[in-house]
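Participant: Chains as they are written, first to last, in our numbering: chain A, 8 to 231; chain B, 123 to 461. One structure coming up, written as structure tokens, with questions to follow.
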């Protein structure tokens, strides 16, 4: 028993690191991803753009290309590519702060893609009805698209959060710490089974909590 | 009020071009309920959407209150749309908003302040009989209730024109009846011009003043409902009407009836207006001493006048009842004889 308490105490800092590495990037990537997706949707042909505009179409292709590229690079490799930029922004390559830029860059396109799927699922008839009321494109996006896709956007946040928990374990590779790192080095490499199991259980608790909260909020706001 | 002149529209896609509108001209008067009827793919949806420019035309002009809407600036186009209500087959409400918020949405779009737009929305909810549902979400409403919300929403900006895109096609007969009466009421009370497209002929006969038949992107026939029902000029219109009034079934049963009535004639008689209330057929048959038996009979009530469709069997050859038939025709009654 005392062994377990001891381990828990030892894991309190990694727990904090994991939460830090999950929720700080979560906030940023949700904001950036949402903005990016809105830009892509607003400039897409099947979205709202009725008249063809070359500049906007090029912009649309550029944004889409950007999220596809960053979504295709495995996180552990992106982490390495991001080192020079991390030095530029954070000033160091070790520690939990140094993992933030790469986590945000990895998670943003992921969330942007989920937002886009949510936007495209908004009923075309409803959009047409609001267009027939004389709404501007801006009004259609803010009053219809955002409102009608809200449950999907929220469940996207939950999925993204869970993804970030597993990304954060990889961020341990550059000394960001966290439960995943503890489970690997202390639990697996040093054969400390108590650490391995308890760290795993803690990660599960975090994941289940995110999913549970996400589901609860979606249920509250989904009036379909 | 609405004038469409030589409108043409072609949709281009990979499988070739589709001509939705071919040189369509049409004029719709103020305070009128105007029906556009046709099978799917006839171009009805496109035609109704060019009025508020949800679809643009390749050629031609569309005048709403003598303004060519095809030439409007973006800003004026939005103003035009704000003053034309539209309702849809699938209601197209925001499921994330309450009934009240849905009705108030057009006013939110024109930046009316919250208190006054909610007031107006409450008034409209009452008008369509949904005052006890204002805080419900659309998902909890029946189809008929959703369409009533959509009608209230279309009325929010006090439009002079309402466009109905198959507004009753997704509803059961009873609800259809209710919605039609509501539209008729609105037309009557507020003098709103209603343009509706439908493939249900009963919709037209119940509430429309005039009707246009569309086929293959063209308007094949326009006229008052009574004119067209009684005497369709085009074959396609006739087929459509026969199907709706079950006259074609009569023709089919006529063949069956041949077996039952080995001899004699089958008469298909159509009459309108004051003729409906008179025993014309009885009197004539009495005069010519010709007994008849009724095979089928129905009266359809249209907006302007009732229309009767009657089929009778007469146990005589055509030669013998020629005079009777011509006298019926002289009285302005449509008669078809199957021998």
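Every residue, glycine too, gets a C-beta built ideally from N, C-alpha and C. As the structure is a prediction and not an experimental result, all values here were calculated from the model.
Looking at the structure shown, is residue 213 of chain B part of a helix, part of a strand, or coil, going by DSSP?
Facilitator: Position 91 of the second chain, counting from 1, holds the residue named residue 213 of chain B. In this structure, residue 213 of chain B counts as coil in the three-state DSSP scheme.
Participant: Please report how far the alpha carbon of residue 103 of chain A lies from the alpha carbon of residue 172 of chain B, in whole angstroms.
Facilitator: What you label residue 103 of chain A is simply residue 96 of the first chain in a count that begins at 1. What you label residue 172 of chain B is simply residue 50 of the second chain in a count that begins at 1. So the alpha carbons of these two residues sit roughly 59 Å apart.
Participant: Residues of the segment 171-197 of chain B with a CB closer than 8 Å to any CB of chain A: list them in chain order, please.
Facilitator: Cβ contacts with chain A come from 174, 176.
Participant: Where does residue 290 of chain B sit, in a helix, a strand or coil, going by DSSP?
Facilitator: To locate residue 290 of chain B, count along the second chain from 1; it is residue 168. Note: residue 290 of chain B maps to coil in three-state DSSP.
Participant: Check whether the Cβ of residue 272 of chain B lies closer than 9 Å to any Cβ atom in chain A.
Facilitator: Numbered from 1 along the second chain, position 150 holds the residue referred to as residue 272 of chain B. Output row for residue 272 of chain B: interface = yes.
Participant: Tell me the DSSP bridge mates of residue 334 of chain B?
Facilitator: Translated into positions along the second chain, residue 334 of chain B becomes position 212. The partner list for residue 334 of chain B (beta bridge, DSSP) reads B/158, B/344.
Participant: Would you identify the three-state DSSP class for residue 207 of chain A, choosing helix, strand or coil?
Facilitator: For the purposes of this step, residue 207 of chain A is taken as residue 200 along the first chain, with counting starting at 1. Three-state result, residue 207 of chain A: helix.
Participant: Can you find at least 3 beta carbon pairs, one from the segment 89-103 of chain A and one from the segment 125-136 of chain A, that sit closer than 8 Å?
Facilitator: Not touching, per the Cβ criterion.
Participant: How about the segment 102-122 of chain A and the segment 28-43 of chain A: do they share at least three Cβ pairs that are nearer than 8 Å?
Facilitator: Yes: at least three Cβ pairs fall under 8 Å.
Participant: Where does residue 413 of chain B sit, in a helix, a strand or coil, going by DSSP?
Facilitator: The residue you call residue 413 of chain B lines up with position 291 of the second chain. Three-state result, residue 413 of chain B: coil.
Participant: So is residue 63 of chain A in contact with chain B if we call contact Cβ pairs under 9 Å?
Facilitator: Here residue 63 of chain A refers to the residue found at position 56 when the first chain is read from its first residue. So no, residue 63 of chain A is outside the interface.
Participant: Please name the residue in B/385, B/414, B/360, B/331 whose C-alpha comes closest to that of residue 423 of chain B.
Facilitator: By one-based count along the second chain, residue 423 of chain B stands at place 301. Measuring from the Cα of residue 423 of chain B, the nearest candidate turns out to be B/331.
Participant: With distances taken between CB atoms, is the gap from residue 206 of chain B to residue 282 of chain B smaller than 9 Å?
Facilitator: Here residue 206 of chain B corresponds to residue number 84 of the second chain, with the count starting at 1. Here residue 282 of chain B corresponds to residue number 160 of the second chain, with the count starting at 1. Contact flag set, yes.
Participant: What distance in whole Å lies between the Cβ atoms of residue 417 of chain B and residue 124 of chain B, which are believed to be in contact at a cut-off of 8 Å?
Facilitator: Counted from its first residue, the second chain places residue 124 of chain B at position 2. Counted from its first residue, the second chain places residue 417 of chain B at position 295. About 43 Å separates the two Cβ atoms, so there is no contact after all.
Participant: Answer yes or no: does any C-beta atom of chain B fall closer than 9 Å to that of residue 135 of chain A?
Facilitator: Here the question's residue 135 of chain A lines up with position 128 in the first chain. So, interface residue.
Participant: Check whether the Cβ atoms of residue 150 of chain B and residue 346 of chain B lie closer than 9 Å to each other.
Facilitator: Position 28 of the second chain, counting from 1, holds the residue named residue 150 of chain B. Position 224 of the second chain, counting from 1, holds the residue named residue 346 of chain B. No, the pair does not count as a contact, with Cβ atoms beyond the cut-off.
Participant: Sort A/14, A/24, A/41 by Cα distance to residue 160 of chain A and report the nearest one.
Facilitator: Residue numbering aside, residue 160 of chain A sits at position 153 when the first chain is read from its first letter. Out of A/14, A/24, A/41, A/41 has the C-alpha closest to the C-alpha of residue 160 of chain A.
Participant: Report the three-state DSSP secondary structure of residue 420 of chain B (helix, strand or coil).
Facilitator: Residue mapping note: residue 420 of chain B aligns to position 298 of the second chain, counting from 1. In the structure shown, residue 420 of chain B sits in a strand (DSSP, three-state: E or B).
Participant: Determine, for residue 308 of chain B, whether the minimum Cβ-Cβ distance to residues of chain A falls below 9 Å.
Facilitator: In the second chain, the residue the question calls residue 308 of chain B occupies position 186. Not one chain A Cβ lies under 9 Å of residue 308 of chain B.
Participant: Mapping DSSP to helix, strand and coil, what is residue 310 of chain B?
Facilitator: Residue 310 of chain B sits at position 188 when you count from the first residue of the second chain. The answer is helix: DSSP assigns residue 310 of chain B an H, G or I state.
Participant: Provide the residue span of the alpha helix (DSSP H) that contains residue 323 of chain B, from first to last.
Facilitator: Locating residue 323 of chain B in the second chain gives position 201, where the first residue counts as 1. That run of the alpha helix (DSSP H) goes 323-329.
Participant: Taking only the alpha-carbon atoms, compute the straight-line gap between residue 262 of chain B and residue 142 of chain B and give it to the nearest angstrom.
Facilitator: Position 140 of the second chain, counting from 1, holds the residue named residue 262 of chain B. Position 20 of the second chain, counting from 1, holds the residue named residue 142 of chain B. Those two C-alpha atoms are separated by around 37 Å.
Participant: Can you list, in chain order, the residues of its chain with a C-beta nearer than 6 Å to that of residue 291 of chain B? Leave out the 5 residues immediately preceding and following it.
Facilitator: In the second chain, the residue the question calls residue 291 of chain B occupies position 169. These residues qualify, in order along the chain: 211.
Participant: Closer than 7 Å by beta-carbon distance: list the chain B residues that pair up with residue 132 of chain A, in chain order.
Facilitator: In the first chain, residue 132 of chain A corresponds to position 125, counting from 1. Those within 7 Å of residue 132 of chain A in chain B are 210, 212, 214.
Participant: Please list the partners that residue 143 of chain A has in chain B, where partner means a Cβ-to-Cβ separation under 7 Å.
Facilitator: Translated into positions along the first chain, residue 143 of chain A becomes position 136. The contacting residues are 200.
Participant: Going by other Cβ atoms of all chains shown within 10 Å of its Cβ, with 16 needed for buried, is residue 287 of chain B buried or exposed?
Facilitator: Against the second chain, residue 287 of chain B aligns to sequence position 165. Burial call: buried.
Participant: Taking the DSSP output, what are the residues bridged to residue 149 of chain B?
Facilitator: Within the second chain, numbered from 1, the residue matching residue 149 of chain B stands at position 27. Answer by DSSP bridge pairing, in chain order: B/125.
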